[in-house]
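Heads up, the thing below is written out as structure tokens.
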């Protein structure tokens, strides 16, 4: 599969430990991917991510297409070089951002027309144009564009969106084949970046292989999810599977049931990526149901708002009770923030609007999820007995949920 | 001198290379000190500072007294422990901030009464209360409180302020002796921090020795500067000298002339610290006139506004010309930003309001000044001939000033 490989190393109940190899390195799964929306994981340096053991990060095609432009990033040699991260990168297709950020959105069979949330300009995303964007960005893993709908959509809406997403998948594959064969990028209505003075340095488009993941849709309707999975499987041998349209407003039991249903449908020898999820407890629940990869902006976004994950639940560092607290954010954490700084100091940074505060909480929260997945992996791989991961995850969830609600 | 020592290693014209030893380590001079106003050098981590070779940093008594409170920092074990920096620290006395930030200021012989710029509360700084604050913070070097006046004040105003500053110096010494002998902190009108719930952990006040620097005042009036230096010298054997009241609006030739006059008055075997200066060219001009230590918020403040120092002058990274520029900020710089990121990428970070951009430019600018002082030191110490530093500094200034004005 052209530089890609997935090794399923251990199963423990539905939970799986594996190793996913890409042209830019391997990812031990289950794994959490930090989100580098605009070619930077907010408030962090790529070195911070490497130091904490993060192995793969994510970029957003929608955001990068608007700013600074995917063609500019191509001219810088691709996203890896542009942002100084030489590990694996996954780019999403922008489908979710068009759904959640853009305005005046119209979806038809051709694609999605929308207005940029930055400058109001009209843009069109089609399967063809999005493959061109993701090829310019040059990530290792690229996602198909899908038709995203609200989490509690009725069956007819969910069916239409899911079936359209599968037709779009076929167009993504055809376009990617055409581009790989050396075809010119598609002519689209996407305005290219305006010419500006400066150094021009044309570079070849990234030519390392890119693996396309289909996205299984179908809302919270079990039979639609099953139909989608089977339809996708009938159309090719895929390097992995995105599970989309979850954590978008539906109830948690619905999400868990969908994941359990898909665990039986998806081939065990391919990684499964639960898109946009999530919080620590969601990751553990997802791993329990056979998920290998996760991403979410929560650790950095919440960190910038003063929230820190701890093994005993979430705390908000801005609260007055932490003013004189000499303890680290989490006693058992070995991140660069917890090894050196007290809650009292970090609270002072937030109270004084100091940038270092944003950095330390973002760093801690991403580290928390990266390490959580390492611990889950150890519980799956090292435990030996089928019960070991189940016991570990139940204990972990019990402790995380034990914190009194008044503390945040 | 109780853990302090200054070694004058080489003189080259008026320029000096030395080594200043403190209880928290040594500083090779000339040296630039980054300013950690609120117990953090803005946008940077203490590790960044160590990695770039910064040896001493500065904290502001005024800011730290208001937020989070010097008593809280004392209870955390002092400023070094609170902020995670175990190298030498210097604290200023707050005199300059009262002058530049506080409102409704009244100065009399007792001290300065002012209104906090944070919450409008009334505060009083006296020589006694400021010694208590600086002792709570526990820096290695502490500055006397002085009466700060505008840079172009007339002779009578400058004389009054300078003579008052010397009387305040005597009170600082007396209070420091009293505190060192175990006396209780002074009863002042400074409100202490309100009690809050949380962990209480009384710790001893920092008991390592602190070296008090007097501040030479006298405005731009050569004879007042000379009188101040002689009056201070007649009052004790000081571990070093602050030169205050410069870079506050006076013309550059006035500053240079004052420095040249003081070079003849101040003992060569003590370090001289030019307070609040400055820009790269100011540092070089200061070293040429016998200054050993500098501090300024310029590198971090300007960095947050998109300005970067380069050997060819200052650039503003937000300009459109850098959009496609694959070069580092400065071709000859070995900072963590220049080794890994392009101007084009950093411009994108600024255009997108990304925190990493603030960090990278702050890091580069502080590194630029720290390295500039290392290079000045090498030119002084390594050159051998008296002309070598003079030639190095003239070449450096010519190149720095050569950049066409249109580029920023």
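Protein chains in written order, with this note's numbering: chain A, 10 to 417; chain B, 10 to 417.
All residues carry an ideal CB built from backbone N, CA and C; glycine is no exception.
Can we say the segment 326-338 of chain B touches the segment 44-53 of chain B, given the rule of at least three CB pairs closer than 8 Å? no
Chain A beta carbons: is any one of them nearer than 8 Å to that of residue 353 of chain B? If you number the second chain from 1, residue 353 of chain B lands on position 344. Cβ-Cβ to chain A under 8 Å: yes for residue 353 of chain B.
Do residue 404 of chain B and residue 318 of chain B have their C-beta atoms within less than 8 Å of each other? Taking the first residue of the second chain as position 1, residue 404 of chain B is located at position 395. Taking the first residue of the second chain as position 1, residue 318 of chain B is located at position 309. Contact flag unset, no.
With 8 Å as the threshold, decide whether the Cβ of residue 47 of chain A is near any Cβ in chain B. Here the question's residue 47 of chain A lines up with position 38 in the first chain. Yes, contact with chain B.
Under 8 Å by Cβ, that's how I've got residue 245 of chain A and residue 182 of chain A pegged, so tell me the actual separation to the nearest angstrom. Taking the first residue of the first chain as 1, we reach residue 245 of chain A at position 236. Taking the first residue of the first chain as 1, we reach residue 182 of chain A at position 173. Right, the Cβ-Cβ distance comes to about 7 Å (below 8 Å), so this counts as a contact.
Relative to the alpha-carbon of residue 242 of chain A, which residue among A:298, A:267, A:307 and A:276 has its alpha-carbon at the smallest distance? Within the first chain, numbered from 1, the residue matching residue 242 of chain A stands at position 233. Answer by Cα proximity: A:276.
According to DSSP, is residue 311 of chain B part of a helix, a strand, or is it coil? Within the second chain, residue 311 of chain B is the residue found at index 302, counting from 1. Note: residue 311 of chain B maps to helix in three-state DSSP.
So what does DSSP say about residue 229 of chain B, is it helix, strand or coil? One-based indexing of the second chain puts residue 229 of chain B at position 220. The answer is coil: DSSP assigns residue 229 of chain B none of H, G, I, E or B.
Residue 104 of chain B in three-state terms, based on DSSP: Taking the first residue of the second chain as 1, we reach residue 104 of chain B at position 95. Looking at residue 104 of chain B - three-state DSSP - the assignment turns out to be helix.
I want to verify the contact list: residues of chain B whose CB lies under 9 Å from the CB of residue 77 of chain A, in sequence order. Residue mapping note: residue 77 of chain A aligns to position 68 of the first chain, counting from 1. Going along chain B in sequence order, the residues near residue 77 of chain A (Cβ under 9 Å) are 332, 353, 354, 356, 357, 360 and 361.
Can you tell me the Cβ-Cβ gap for residue 54 of chain B and residue 338 of chain A, rounded? I've got them flagged as a contact below 8 Å. In the second chain, counting from the first residue as 1, residue 54 of chain B sits at position 45. In the first chain, counting from the first residue as 1, residue 338 of chain A sits at position 329. Actually they do not touch by this definition, with Cβ atoms about 15 Å apart.
Does any residue of chain B have a CB that is nearer than 8 Å to the CB of residue 291 of chain A? Translated into positions along the first chain, residue 291 of chain A becomes position 282. No, no contact with chain B.
Just by C-beta distance, which residues in the segment 304-317 of chain A are closer than 8 Å to chain B? none
Quick one: which residues of the segment 87-99 of chain B get their C-beta closer than 9 Å to a C-beta of chain A? List them in chain order. 90, 91, 92 and 93
If you draw a straight line from the C-alpha of residue 282 of chain B to the C-alpha of residue 151 of chain B, how long is it? Working through the second chain from its first residue, we reach residue 282 of chain B at position 273. Working through the second chain from its first residue, we reach residue 151 of chain B at position 142. Rounded to the nearest angstrom, the two C-alpha atoms are 12 Å apart.
Taking only the alpha-carbon atoms, compute the straight-line gap between residue 142 of chain B and residue 74 of chain B and give it to the nearest angstrom. The residue given as residue 142 of chain B occupies position 133 in the second chain. The residue given as residue 74 of chain B occupies position 65 in the second chain. Their Cα atoms are separated by approximately 7 Å.
With distance defined between alpha-carbon atoms, name the residue in A:67, A:173 and A:164 nearest to residue 136 of chain A. Counting from one through the first chain, the residue named residue 136 of chain A turns up at place 127. Of the candidates A:67, A:173 and A:164, the one whose C-alpha sits nearest the C-alpha of residue 136 of chain A is A:173.
Have a look at residue 205 of chain B and residue 88 of chain B and give me their C-alpha separation to the nearest angstrom. Position 196 of the second chain, counting from 1, holds the residue named residue 205 of chain B. Position 79 of the second chain, counting from 1, holds the residue named residue 88 of chain B. Only weak support is given to the placement of residue 205 of chain B: the predicted model assigns it a pLDDT of 39, under 50, and the question is left unresolved by the model.
Show which residues of chain B have a CB atom less than 7 Å away from the CB atom of residue 350 of chain A. Locating residue 350 of chain A in the first chain gives position 341, counting from the first residue. By Cβ distance, chain B contributes 93.
Residue 41 of chain A beta carbon less than 8 Å from that of residue 255 of chain A: If you number the first chain from 1, residue 255 of chain A lands on position 246. If you number the first chain from 1, residue 41 of chain A lands on position 32. It is not a contact, given that the beta carbons lie outside the stated cut-off.
Quick check on DSSP: helix, strand or coil for residue 388 of chain A? On the first chain, position 379 is the one that residue 388 of chain A refers to. Reduced to three states, the DSSP call for residue 388 of chain A is helix.
Whose Cβ in chain B lies nearer than 8 Å to the Cβ of residue 146 of chain A? Numbered from 1 along the first chain, position 137 holds the residue referred to as residue 146 of chain A. Neighbours of residue 146 of chain A on chain B: none; closest Cβ ~13 Å, over 8 Å.
To test your reading of the DSSP string, which unbroken beta strand (DSSP E) runs of 3 or more residues are found completely within the segment 106-134 of chain A? 112-116, 121-124 and 131-134
Compare the C-beta of residue 70 of chain B against all C-beta atoms of chain A and say whether one is closer than 8 Å. Translated into positions along the second chain, residue 70 of chain B becomes position 61. No, no contact with chain A.
Between the C-alpha atoms of residue 213 of chain A and residue 86 of chain A, what's the straight-line distance to the nearest angstrom? Along the first chain, read from residue 1 onward, the residue named residue 213 of chain A stands at position 204. Along the first chain, read from residue 1 onward, the residue named residue 86 of chain A stands at position 77. Confidence at residue 213 of chain A is low in this model, with a pLDDT of 36, below 50, so its placement is unreliable and the value that follows should be read with caution. Each residue's alpha carbon lies about 7 Å from the other.
Residues of the segment 35-67 of chain A with Cβ closer than 8 Å to any Cβ of chain B, in chain order: 47, 48, 49, 51, 52, 53, 54, 55 and 56
Does the pairing of the segment 349-364 of chain B with the segment 23-30 of chain B give three or more beta-carbon distances under 8 Å? no
List, in order along the chain, the chain A residues whose C-beta lies closer than 8 Å to that of residue 84 of chain B? Position 75 of the second chain, counted from the start, is the residue given in the question as residue 84 of chain B. Those are 333, listed as they occur along chain A.
Leaving out five residues on either side along the sequence, give the residues of the same chain with a beta carbon under 7 Å from the beta carbon of residue 134 of chain A. Numbered from its first residue, the first chain carries residue 134 of chain A at position 125. Excluding sequence neighbours, residue 134 of chain A sits near 103, 107, 120, 121 and 154.
Closest to residue 265 of chain A by C-alpha separation, out of A:240, A:228, A:236 and A:278, would be which residue? On the first chain, position 256 is the one that residue 265 of chain A refers to. Ranking A:240, A:228, A:236 and A:278 by Cα distance to residue 265 of chain A puts A:228 first.
Grab the span of the alpha helix (DSSP H) containing residue 157 of chain B for me, first residue to last. As a first step, residue 157 of chain B must be located in the second chain, where it is residue number 148. It is not in any alpha helix (DSSP H) - residue 157 of chain B carries neither H nor E in the DSSP assignment.
The segment 98-112 of chain A: which residues have C-beta closer than 9 Å to a C-beta of chain C, in chain order? Of the chains in the structure shown, none is chain C; the protein chains are A and B.
Report the residue ranges of all alpha helix (DSSP H) runs contained in full by the segment 343-378 of chain A; include only those spanning at least 4 residues, in chain order. 352-360
Neighbourhood of residue 18 of chain B by C-beta distance below 7 Å, restricted to the same chain and skipping five residues each side: Locating residue 18 of chain B in the second chain gives position 9, where the first residue counts as 1. Result list for residue 18 of chain B: 26, 27, 28 and 390, in chain order.
Taking the alpha-carbon of residue 409 of chain B as reference, which of B:168, B:56 and B:322 has the nearest alpha-carbon? Position 400 of the second chain, counted from the first residue, corresponds to residue 409 of chain B. For the residues B:168, B:56 and B:322, the minimum Cα distance to residue 409 of chain B belongs to B:322.
With DSSP run on the structure shown, which of helix, strand or coil describes residue 31 of chain A? By 1-based counting over the first chain, the position of residue 31 of chain A is 22. Correct three-state label for residue 31 of chain A: strand.
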